[in-house]
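J.:
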Amino acid sequence: MGIFGALNTAVNGLQSQSFALQNISGNIANSQTIAYKAIGTTFVDLIPDAVVGRQVAGNVAANSVSTNDVQGAIQNASVSTYMAINGDGFFAVKQPTGTSGGKPLFANGDLYTRRGDFQMDQNGYLVNGAGYYLEGIPINLQTGNPTGSALAPIQFNNAFLPATATTTITYGANLPSYPQTSLSSPGTPQSELLKAADFGTDPTTAGTGTVVGSDVTTFLNESLDGGAVTAYDSAGQPANVQFRWAKTDAAAYGGTDTWQLFYQTNSAATGAQVAWINAGTDFKFNASGALNPPISQVSLTGVTVDGTLLGNLKVQLNGLTQFATSGGAVTVNSLQQDGYPSGQLQSISIGKNGRISGSFTNGKNVDLAEIPLMSFASPNNLKSLDGGAFAITGSSGPALAGAPGHLVGSSLEGSNADIADQFTKLIVTQQAYSANTRVVTTANQMSQDMLNMLR
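In the working numbering, the protein residues as written are 146 to 600.
1. Within the chosen definition, does the region 506-522 reach the region 185-194 through at least 3 CB pairs nearer than 8 Å?
2. Which residue's Cα is closest to the Cα of Q607: T401, T582, P543?
3. In the DSSP assignment, the beta strand (DSSP E) including G456 goes from what residue to what residue?
4. Is it right to say V573 is buried, meaning 16 or more other beta carbons lie within 10 angstroms of its own, or is it exposed?
5. Return helix, strand or coil for P298, following the three-state DSSP convention.
6. Is it right to say T446 is buried, meaning 16 or more other beta carbons lie within 10 angstroms of its own, or is it exposed?
7. Could you give the residue range of the alpha helix (DSSP H) that holds I169?
8. To which residues does DSSP link Q240 through a beta bridge?
9. Taking Cβ positions, are R260 and A534 nearer each other than 9 Å?
10. Quick one: measure Cβ to Cβ for V475 and D378, integer angstroms, because I've assumed they're closer than 8 Å.
11. Considering S502, what are the terminal residues of the alpha helix (DSSP H) in which it resides?
12. Taking its Cβ as the centre, do 16 or more other Cβ atoms sit within 10 Å of M598, making it buried, or is it exposed?
13. Over what stretch of residues does the beta strand (DSSP E) that includes S209 continue unbroken?
14. Let me confirm a value: D566 is counted as buried when at least 16 other C-beta atoms fall within 10 Å, else exposed. Which label applies?
15. Flag this pair as yes or no: are the beta carbons of T311 and D483 separated by less than 9 Å?
16. Quick one: is P331 buried, meaning 16 or more other Cβ sit within 10 Å of its Cβ, or exposed?
17. Tell me the start and end of each unbroken beta strand (DSSP E) in the region 382-453 that is at least 3 residues and wholly inside, in chain order.
18. Mind checking K248: buried by the 16 CB within 10 Å criterion, or exposed?
19. Please state whether the Cβ-Cβ distance between Q240 and A229 is less than 9 Å.
20. Whose C-alpha, out of L256, Q409, A548, A165, is nearest the C-alpha of L455?
21. For Y323, count neighbouring Cβ atoms within 10 angstroms of its own Cβ and tell me buried if that reaches 16, exposed if not.
22. Can you pull the DSSP bridge partners for D566?
23. Taking only three categories from DSSP, how would you classify A577?
24. Ends of the beta strand (DSSP E) at V361?
25. Say whether the region 498-507 touches the region 522-539, bearing in mind that this needs 3 or more beta-carbon pairs closer than 8 Å, one atom from each stretch.
26. Identify whether I572 lies in helix, strand or coil by the three-state DSSP scheme.
27. Counting beta carbon pairs with one atom in the region 260-270 and one in the region 292-302, are three or more of them shorter than 8 Å?
28. How is the beta strand (DSSP E) around F535 delimited, first residue to last?
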C-alpha cells in the first residue's frame with residue numbers, strides 16, 4: 146500500500162471517527178428524550194487480500210449498533226394515560242397519513258415504539274408526543290372480553306356504559322343470639338320473637354308470608370333492621386332494597402334458633418296492601434352460631450320495590466352467623482349488588498394487566514381496551530424512525546404478541562443514553578480522530594520528502 150495507502154487509511158479513520166462522533170452527539174442530544182434508544186458504533190477492519198507474510202492492517206469501516214433491547218429508567222408521571230413498559234416489549238402504533246373530515250387516516254402497516262407519553266386527542270385517540278397512535282383491542286363492556294384479536298387505533302371518544310340490571314345481592318351479617326326488638330322485655334321472654342298471632346296473614350310460614358300495611362308497625366317492632374342496598378332495573382332505575390330479620394323460634398325457649406328474612410316491596414303500603422315479603426327460607430343456627438343446614442343463596446322471584454320491577458334476584462350469602470352481641474342488633478358485614486345505571490366516560494387509566502380502564506359517571510370502573518405488547522426475535526435489527534418508532538426488517542423477525550413485559554401506568558421510560566458513558570466515548574473518539582490527522586500529516590510529509598529526493 147505504501148504512503149498513499151496509509152494516507153487513504155487515515156482518511157477512512159477520520160471518516161469512521163466522524164461517524165462515531167455523530168452517534169455520540171445524537172445520543173447526548175437525546176439524553177432526555179422519552180424512551181430513546183442510544184446508537185453505538187462498532188468498527189470493522191478491512192484487510193486486503195495478500196499472503197500471510199505480506200498482510201497489512203488495512204482500512205476501517207464504522208457501523209451502527211442499536212440498543213433497542215436496553216431499558217431506560219422508569220419514572221413516575223402525573224398524567225394517568227402515560228405508560229411505560231417494564232421489561233421486554235413494544236407498543237404497536239400507527240402513523241397517520243392524512244385526515245378526512247377532521248379524522249386521521251392510517252397506513253396499512255404497523256410501527257412499534259416504547260415511547261409511552263400517550264394522551265387523548267380531540268377525537269378520543271391515544272397519541273404520543275411524536276404523533277403515533279396507540280393500537281389495541283377493544284373490550285366488550287358487557288362481557289369484559291376482548292372483541293377479537295385484530296389491532297387497531299383505540300378510540301374512547303364519548304364512551305357510554307349502558308345500564309345493567311341487578312341480578313345478585315351479596316350479603317353477609319351476624320344475627321344476634323338475643324335480639325333486642327322494640328317489644329323485648331326481660332319479663333316476657335317471647336316478646337323478641339315474631340308471633341303469627343299479631344298478623345292477619347301468617348308471616349312465619351316460610352315462602353308464603355307477607356306483611357300488609359296495617360301490620361307494619363307491629364312487624365317493625367318485632368324484627369330487626371338488616372340493612373339496605375340500592376339495586377337497579379334494566380333501564381338503570383334505582384330501587385332501595387331494604388331487609389329485615391325476624392327471629393321466629395329460639396333454643397332458649399325449647400326450639401331451634403330460627404330466623405326469617407323479609408324485604409320491603411311497598412314503603413307506602415296501607416290497609417291490606419303488601420308492605421314486606423318473606424324471602425321463603427328458614428335460617429336455622431346450631432349452638433356454634435353456624436347455619437344448619439348450610440344455605441349459600443336465596444332466590445327472590447319477581448321482586449318489585451315501590452313500583453320498580455327488579456325481577457328475579459339471588460341473595461348470595463357471604464358469611465351469615467348467629468352470635469351474641471352487646472346491642473342485640475344485626476351487624477351487616479357486607480351488602481353489595483352487581484347492577485348499575487348508565488354512565489359517561491370521565492377518565493381513563495392504565496393497569497398492570499395490560500388493560501386500559503375507564504372511570505364512568507356512575508362510579509363504575511370498567512376495562513375498555515387491551516394493549517398487547519409485541520416482541521421480536523432480534524429487536525436490535527429493527528429500523529429506527531423519527532419519534533422513537535421502529536419498523537420491521539428482514540433481520541428483526543415479525544412482531545409477535547405476548548411480550549413478557551408489563552405496563553406501568555402514570556409512568557414514562559427514560560432515555561437509555563448514559564451521559565457519563567457518552568462523554569468517555571467522546572474523549573476516546575476525539576483522541577482517535579486527532580491521531581488519524583497525525584497520520585495524514587506524517588504521510589504528507591513523507592510524500593514531500595520523496596518528491597524532494599527528485600530535485
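Positions of the beta carbon are idealized from the N, C-alpha and C atoms, including for glycine.
T.: Checking against the coordinates, here is how it stands:
1. Contact fails: fewer than three Cβ-Cβ distances are below 8 Å.
2. As shown, the chain starts at 146 and ends at 600. That puts residue 607 outside it, with no answer to give.
3. On the sequence shown, position 311 is the one that residue 456 refers to. 453-468 is the span of the beta strand (DSSP E), which, as asked, contains G456.
4. As a first step, residue 573 must be located in the sequence shown, where it is residue number 428. The residue is exposed, with fewer than 16 neighbouring Cβ atoms inside 10 Å.
5. Here residue 298 refers to the residue found at position 153 of the sequence shown. Strand at P298.
6. On the sequence shown, residue 446 is found 301 positions in, with the first residue counted as 1. It is exposed - the Cβ of T446 has fewer than 16 other Cβ atoms within 10 Å.
7. If you number the sequence shown from 1, residue 169 lands on position 24. Run containing I169: 147-174, per the alpha helix (DSSP H) assignment.
8. Locating residue 240 in the sequence shown gives position 95, where the first residue counts as 1. Beta-bridge pairing links Q240 to no other residue.
9. Locating residue 260 in the sequence shown gives position 115, where the first residue counts as 1. Locating residue 534 in the sequence shown gives position 389, where the first residue counts as 1. Yes, these two residues count as a Cβ contact at 9 Å.
10. By one-based count along the sequence shown, residue 475 stands at place 330. By one-based count along the sequence shown, residue 378 stands at place 233. The Cβ separation is near 27 Å, so there is no contact.
11. Taking the first residue of the sequence shown as 1, we reach residue 502 at position 357. Looking at the DSSP string, S502 is not in any alpha helix (DSSP H); the run it does join, the beta strand (DSSP E), is 500-505.
12. As a position in the sequence shown, residue 598 is number 453, starting the count at 1. By the Cβ-count criterion, M598 is exposed, with fewer than 16 other Cβ atoms from all chains shown falling within 10 Å of its own Cβ.
13. Counted from its first residue, the sequence shown places residue 209 at position 64. Note, S209: beta strand (DSSP E), 204-211.
14. The count along the sequence shown starts at 1 and reaches residue 566 at position 421. Answer is exposed; the Cβ neighbour count stays below 16.
15. Reading the sequence shown from its first residue, position 166 is the one you call residue 311. Reading the sequence shown from its first residue, position 338 is the one you call residue 483. Taking 9 Å as the Cβ cut-off, T311 and D483 qualify as a contacting pair.
16. The residue labelled residue 331 in the question sits at position 186 within the sequence shown. Confidence is the limiting factor: at P331 the pLDDT is only 46, short of 50, which leaves the residue's position unreliable and the question unanswerable from this model.
17. With a minimum length of 3 residues, the continuous beta strand (DSSP E) runs that stay inside the region 382-453 are 383-394, 403-409, 419-429, 442-450.
18. Taking the sequence shown and counting its residues from 1, the one referred to as residue 248 is at position 103. With fewer than 16 other Cβ atoms within 10 Å, it is exposed.
19. Counting from 1 along the sequence shown, the entry for residue 240 is found at position 95. Counting from 1 along the sequence shown, the entry for residue 229 is found at position 84. Taking a C-beta distance under 9 Å as the contact criterion, Q240 and A229 do not qualify as a contact pair.
20. In the sequence shown, the residue the question calls residue 455 occupies position 310. Nearest C-alpha to L455: Q409.
21. Translated into the one-based positions of the sequence shown, residue 323 becomes position 178. By the C-beta density criterion, Y323 is exposed, having fewer than 16 other C-beta atoms within 10 angstroms.
22. Your numbering for residue 566 matches position 421 in the sequence shown. Paired residue(s): none; D566 is not in a bridge.
23. Taking the sequence shown and counting its residues from 1, the one referred to as residue 577 is at position 432. Secondary structure of A577 (DSSP, three-state): helix.
24. Here residue 361 corresponds to residue number 216 of the sequence shown, with the count starting at 1. Careful: V361 lies outside any beta strand (DSSP E), inside the alpha helix (DSSP H) at 361-366.
25. No: fewer than three Cβ pairs fall under 8 Å.
26. Residue 572 sits at position 427 when you count from the first residue of the sequence shown. Reduced to three states, the DSSP call for I572 is helix.
27. Yes, since at least three Cβ pairs between the region 292-302 and the region 260-270 fall closer than 8 Å, the two stretches touch.
28. Counting from one through the sequence shown, the residue named residue 535 turns up at place 390. Run containing F535: 534-536, per the beta strand (DSSP E) assignment.
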